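Q: For the record, the sequence lines run as chains U and V.
Numbered according to the working numbering, the first sequence spans residues 12 to 448.
Numbered according to the working numbering, the second sequence spans residues 1264 to 1496.
For glycine and all other residues, C-beta sits at the position ideal for the given N, C-alpha and C.
Source: prediction; values computed, not measured.
Can you keep this structure in mind? I'll have questions shortly.
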Amino acid sequence: MFGYYLSLALRSIRGTPILSGLMVAAIAVGVGAAMTTLTLNHLMSQNPLADKDSVLYAVQLDSWDPNEAYDSNNDLPLQLTYRDATALLRSDIPSHQVAMHRWGFTVNLDNSELRPFTANTRVTTRDFFSLFDVPFQYGGNWSADADENPVQQVVLSKETNDKLFDGANSVGKTVNLNGEPFTVIGVLAHWNPVPKVQDLNNGPFNDSEELYVPFGLHRRFEIYSWGNTNGWKNSDGSGYESFLQAEHVWIQYWVQLDTREQVQQYRDFLTGYIRQQKEQGRFQRPLKFALSHPSEWLVLNEVLRDDNRVLGWLSLAFLLVCVVNAVALLLAKFLRKAPEAGVRRALGASRNAIFTQHLIESACIGIAGGLIGILLALVGLQSVKRLAMGYVDQLAYMDWQMVVAAIGLAIVASLLAGAYPAWRISRTNPSIYLKTQ
Amino acid sequence: MLKMQNIRKSYRTDTIETHALRDFSLEVAEGEFVSVTGPSGSGKTTFLNIAGLLETPTGGQYLLDDDDISGLNDRDRSRLRNEKIGFIFQGFNLIPDLNLFDNIDVPLRYRGFKAAERRKRIEKVLDQVGLAARAKHLPAQLSGGQQQRVAIARALAGEPRFLLADEPTGNLDSLMARQVMELLEFINEWGTTIVMVTHDPDLARRAHRNIQIVDGQVSDLHAATQPEEAVGA
């Protein structure tokens, strides 16, 4: 009977093109508005490290001003000082650990017509690639030695390799960074997590870096941070070494702890480290540190803000208004067809049959509304992209989950809209219409 | 075939209760052609709706083929209606945007027949009512008499044993009314039991038996023709 009901639905829709068009438009506008907002929220609230969420931790230490807590959701600095980061790196408890920050190099090639360009660079310890499961296309990682000593090696992102070497295997080739020769030792496959959970300090929806260089290069190139550097106390002296020793937080720190024992040991290690520092006159605030899973880290950094959530609810409320409108239109349409339903009842249709027939018609309208709603959502996302001038390019697209969700939302909306009118017409007394038709 | 015992039907509003049928009792035998007459508002259509399982009585007992229908749910009543009962209405009640073929197809769809079986039955009944060449026409393209013949064809397609006609000639001129009546008599001769509500005394007299309903009760029962002929037909 489904095919029969479907053919009746399509015939009915064709028979009332304006009314059906209005209902499709009502659902399409509601779905379009809701999906534009929900898509942005969905992509903002994704956790690209969900697979390793239970074993990864962002590390925070309270090395801040004894007179005033750090301004964050848990009153802890979101990054570490260089001193603390290099000290923590000496621990052998974590399976992997990463100290890192963002920086920038000017890039050029010898004997190339390519114009020099500035590339976002991640200065990091070698565990970055294993801790975040970053895939390599060619070559591999630098050695542990490069985390402490200046080794001029570089890993290129796929996009940078495409740009510099047309995508060829460039391992072993030389790239000039700030005029200094660096040897390419690895090329990544495409890797661009959204949000950029590994570094939420520098735009959670920015692209991942184009170059990756060893952490041991700091003193050689006097590398500062291209990102947030917050401090409450300068160190004695001046110059780059003074910057490294200052109470400035600018290093992001992650650890991988695979077992409960590791977690407990690492907590003990951090507690011991802070006590030791207190003895040296640092860490004058109450002993406090935090280990946050990526999912917690995203919340702590308010990647999905409250106003985004409110906007999401508002868009669903707008969809509800559209559904209510569709209910009124469907009710008018179905009740106009009540005499036909009466005839069908007399000829053997049960109430359930009449209900199902009209519900399928509602679903057809919903699917049409949903498909047009997806197009409207795509237009909406393009508009958001244009308004944001490139800042949300990674967010303003619909993945397959959202396309399925849009169609599902449209069908649910239309079934909700159609359920009451279909129920009403299935409950009408057929004898009234049989006599008066 | 049909047996009603002390059937009551009342309609209640906030302030008033109307009794459409009161202690209504009637038996119709297999193969009979019964006409039902009575003044407007006497309960004829209510009787027809209850007989056709479109409405449920407030009280009393209704047996159809010795089965008590009072306890049946909507699904079972719909199935019985589809399998055993055919309807013919004064206003024809064809679905305007379906052609004749698809109109006749409606009850067969609910019966669950396969496409080939449905086609065979539709072509047969269209042929019986003389409209085989008009299968793809819409109802609006036919005269009133032709539309009523289509309605009869639709009622016959499921081969019901019981045909309920509510003033089937009420919207037709005398010539077409006579043709429709002859068609009903022909159908009855082939064994289908017919109960026909009518205001026309001439048509009522052509049935085997006429009953009069007044104030929701059967007031008179008399044979319109020879009962034994009718039952034996």
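Helix, strand or coil for U:Q165 per DSSP?
A: For the purposes of this step, residue 165 of chain U is identified with residue 154 of the first sequence, where counting begins at 1. The sequence given here has Val at residue 165 of chain U, not Gln. In the structure shown, U:V165 sits in a strand (DSSP, three-state: E or B).
Q: Please state whether the Cβ-Cβ distance between V:K1307 and V:V1460 is less than 8 Å.
A: Locating residue 1307 of chain V in the second sequence gives position 44, counting from the first residue. Locating residue 1460 of chain V in the second sequence gives position 197, counting from the first residue. Result yes, Cβ atoms of V:K1307 and V:V1460 sit closer than 8 Å.
Q: Note down, in chain order, each residue of its chain lying with its Cβ closer than 6 Å to the Cβ of U:F140, except the 5 sequence neighbours on either side.
A: Translated into the one-based positions of the first sequence, residue 140 of chain U becomes position 129. Excluding residues within five positions, the ones whose Cβ falls inside 6 Å are N152.
Q: Kindly indicate which three-state DSSP category V:N1362 falls into: helix, strand or coil?
A: Against the second sequence, residue 1362 of chain V aligns to sequence position 99. The answer is coil: DSSP assigns V:N1362 none of H, G, I, E or B.
Q: Out of curiosity, what's the CA-to-CA distance linking V:E1491 and U:I29?
A: Here residue 1491 of chain V corresponds to residue number 228 of the second sequence, with the count starting at 1. Here residue 29 of chain U corresponds to residue number 18 of the first sequence, with the count starting at 1. Model confidence at V:E1491 stands at a pLDDT of 43, short of 50, so the residue's coordinates are unreliable; what they give is reported in the following sentence. V:E1491 and U:I29: Cα-Cα distance of roughly 59 Å.
Q: Classify V:Q1268: buried if its beta carbon has 16 or more other beta carbons within 10 angstroms, exposed otherwise.
A: The residue you call residue 1268 of chain V lines up with position 5 of the second sequence. V:Q1268 is exposed by the Cβ-count criterion.
Q: Would you tell me roughly how many angstroms separate the C-alpha atoms of U:R113 and U:T136, rounded to the nearest one?
A: Counting from 1 along the first sequence, the entry for residue 113 of chain U is found at position 102. Counting from 1 along the first sequence, the entry for residue 136 of chain U is found at position 125. Spanning the two alpha carbons is a distance of roughly 12 Å.
Q: Drop a sphere of 10 angstroms on the beta-carbon of U:W261, count the other beta-carbons inside from all chains shown, and report buried for 16 or more, exposed for fewer.
A: For the purposes of this step, residue 261 of chain U is identified with residue 250 of the first sequence, where counting begins at 1. With 16 or more Cβ atoms within 10 Å of its Cβ, U:W261 is classed as buried.
Q: Kindly say whether U:S31, judged by its beta-carbon, lies nearer than 8 Å to any beta-carbon of chain V.
A: Working through the first sequence from its first residue, we reach residue 31 of chain U at position 20. For U:S31, the answer is no, since every Cβ of chain V falls outside 8 Å of its Cβ.
Q: Name, please, each residue of chain U whose Cβ falls closer than 8 Å to the Cβ of V:P1370.
A: To locate residue 1370 of chain V, count along the second sequence from 1; it is residue 107. Neighbours of V:P1370 on chain U, chain order: L358, G359.
Q: Starting from U:S303, follow the beta strand (DSSP E) in both directions and report where the run begins and ends.
A: Reading the first sequence from its first residue, position 292 is the one you call residue 303 of chain U. Segment 300 to 303, the beta strand (DSSP E) holding U:S303.
Q: Tell me the residue span of the alpha helix (DSSP H) that contains U:G323.
A: What you label residue 323 of chain U is simply residue 312 of the first sequence in a count that begins at 1. Residues 317 to 347.
Q: Does the Cβ of U:G429 have 16 or more other Cβ atoms within 10 Å, making it buried, or fewer, making it exposed?
A: Stepping through the first sequence from its first residue, residue 429 of chain U is reached at position 418. The residue is buried, with at least 16 neighbouring Cβ atoms inside 10 Å.
Q: Considering only the alpha carbon of each residue, which of U:L387, U:A360, U:N312 lies closest to V:R1344?
A: Working through the second sequence from its first residue, we reach residue 1344 of chain V at position 81. For V:R1344, the nearest C-alpha among the options comes from U:A360.
Q: Extract the residue ranges of the alpha helix (DSSP H) inside the segment 159 to 217 of chain U, only unbroken runs of 4 or more that lie entirely within it.
A: List check, alpha helix (DSSP H) in window: 169 to 176.
Q: Measure the CB-CB distance between V:R1417 and V:V1369 and report whether it falls below 8 Å.
A: Start at 1 with the first residue of the second sequence, and residue 1417 of chain V comes out as number 154. Start at 1 with the first residue of the second sequence, and residue 1369 of chain V comes out as number 106. It is a contact, given that the beta carbons lie within the stated cut-off.
Q: Given a cut-off of 8 Å, decide if U:E220 and U:S303 are closer than it, judged by their beta-carbon atoms.
A: In the first sequence, residue 303 of chain U corresponds to position 292, counting from 1. In the first sequence, residue 220 of chain U corresponds to position 209, counting from 1. No, the pair does not count as a contact, with Cβ atoms beyond the cut-off.
Q: What does V:R1384 reach in chain U if we use C-beta pairs closer than 9 Å?
A: Locating residue 1384 of chain V in the second sequence gives position 121, counting from the first residue. In chain order: nothing, as chain U lies at least about 14 Å away.
Q: Looking only at DSSP bridge pairs, what is V:L1265 linked to?
A: Translated into positions along the second sequence, residue 1265 of chain V becomes position 2. V:V1291, V:L1327.
Q: So, for V:K1266: in the same chain, excluding its five sequence neighbours on each side, which residues have a beta-carbon less than 6 Å away from its beta-carbon?
A: On the second sequence, residue 1266 of chain V is found 3 positions in, with the first residue counted as 1. Once the five neighbours on either side are set aside, the close Cβ partners of V:K1266 are E1290, L1326.
Q: Taking only three categories from DSSP, how would you classify U:K2?
A: One cannot answer for residue 2 of chain U here, as it falls past the ends of chain U, which runs 12 to 448.
Q: So, helix, strand or coil for U:Y16, using DSSP?
A: Reading the first sequence from its first residue, position 5 is the one you call residue 16 of chain U. Three-state result, U:Y16: helix.
Q: Using only the alpha-carbon positions, how far apart do U:L370 and V:Q1404 sit?
A: Within the first sequence, residue 370 of chain U is the residue found at index 359, counting from 1. Within the second sequence, residue 1404 of chain V is the residue found at index 141, counting from 1. Using only the alpha carbons, I get a separation of about 31 Å.
Q: Looking at the structure shown, is U:F116 part of a helix, part of a strand, or coil, going by DSSP?
A: Position 105 of the first sequence, counted from the first residue, corresponds to residue 116 of chain U. In this structure, U:F116 counts as strand in the three-state DSSP scheme.
Q: Quick check on U:G26 - is its C-beta less than 8 Å from some C-beta in chain V?
A: Translated into positions along the first sequence, residue 26 of chain U becomes position 15. Chain V contact via Cβ: present.
Q: What is the DSSP secondary structure of V:W1453, counted as helix, strand or coil?
A: Locating residue 1453 of chain V in the second sequence gives position 190, where the first residue counts as 1. If DSSP states are grouped into helix, strand and coil, V:W1453 belongs with coil.
Q: Comparing the CB of V:G1479 with every heavy atom of the ligand MG, is any distance shorter than 7 Å?
A: Only the bare structure without any ligand can be found here, which leaves the ligand MG out of the picture.
Q: Rounded to the nearest angstrom, what separates U:S31 and V:K1272 at their Cα positions?
A: Translated into the one-based positions of the first sequence, residue 31 of chain U becomes position 20. Translated into the one-based positions of the second sequence, residue 1272 of chain V becomes position 9. Each residue's alpha carbon lies about 40 Å from the other.
Q: The segment 314 to 327 of chain U: which residues have C-beta closer than 8 Å to a C-beta of chain V, in chain order?
A: For the segment 314 to 327 of chain U, which is checked against every Cβ of chain V, not one residue is closer than 8 Å.
Q: Going by DSSP, which residues form a beta bridge with U:Y223?
A: In the first sequence, counting from the first residue as 1, residue 223 of chain U sits at position 212. Looking at the DSSP assignment, U:Y223 forms a beta bridge with U:R133, U:V166.
Q: Which residues bound the beta strand (DSSP E) around U:G242?
A: Here residue 242 of chain U corresponds to residue number 231 of the first sequence, with the count starting at 1. First-last of the beta strand (DSSP E) with U:G242: 241 to 244.
Q: Let me confirm a value: U:P161 is counted as buried when at least 16 other C-beta atoms fall within 10 Å, else exposed. Which label applies?
A: Mapped onto the first sequence, residue 161 of chain U falls at position 150. Its Cβ having fewer than 16 others within 10 Å, U:P161 is exposed.
Q: In three-state DSSP terms, what is U:S253?
A: As a first step, residue 253 of chain U must be located in the first sequence, where it is residue number 242. The answer is helix: DSSP assigns U:S253 an H, G or I state.
Q: Do you know offhand how far U:L60's Cα is from U:A200's?
A: The residue you call residue 60 of chain U lines up with position 49 of the first sequence. The residue you call residue 200 of chain U lines up with position 189 of the first sequence. U:L60 and U:A200: Cα-Cα distance of roughly 17 Å.
Q: Just the C-alpha distance for V:I1474 and V:V1297, rounded to the nearest angstrom, thanks.
A: Taking the second sequence and counting its residues from 1, the one referred to as residue 1474 of chain V is at position 211. Taking the second sequence and counting its residues from 1, the one referred to as residue 1297 of chain V is at position 34. Distance between the alpha carbons of V:I1474 and V:V1297 is about 7 Å.
Q: Report yes if the CB atom of U:H107 is closer than 8 Å to the CB atom of U:D138, and no otherwise.
A: Position 96 of the first sequence, counted from the first residue, corresponds to residue 107 of chain U. Position 127 of the first sequence, counted from the first residue, corresponds to residue 138 of chain U. Taking 8 Å as the Cβ cut-off, U:H107 and U:D138 qualify as a contacting pair.
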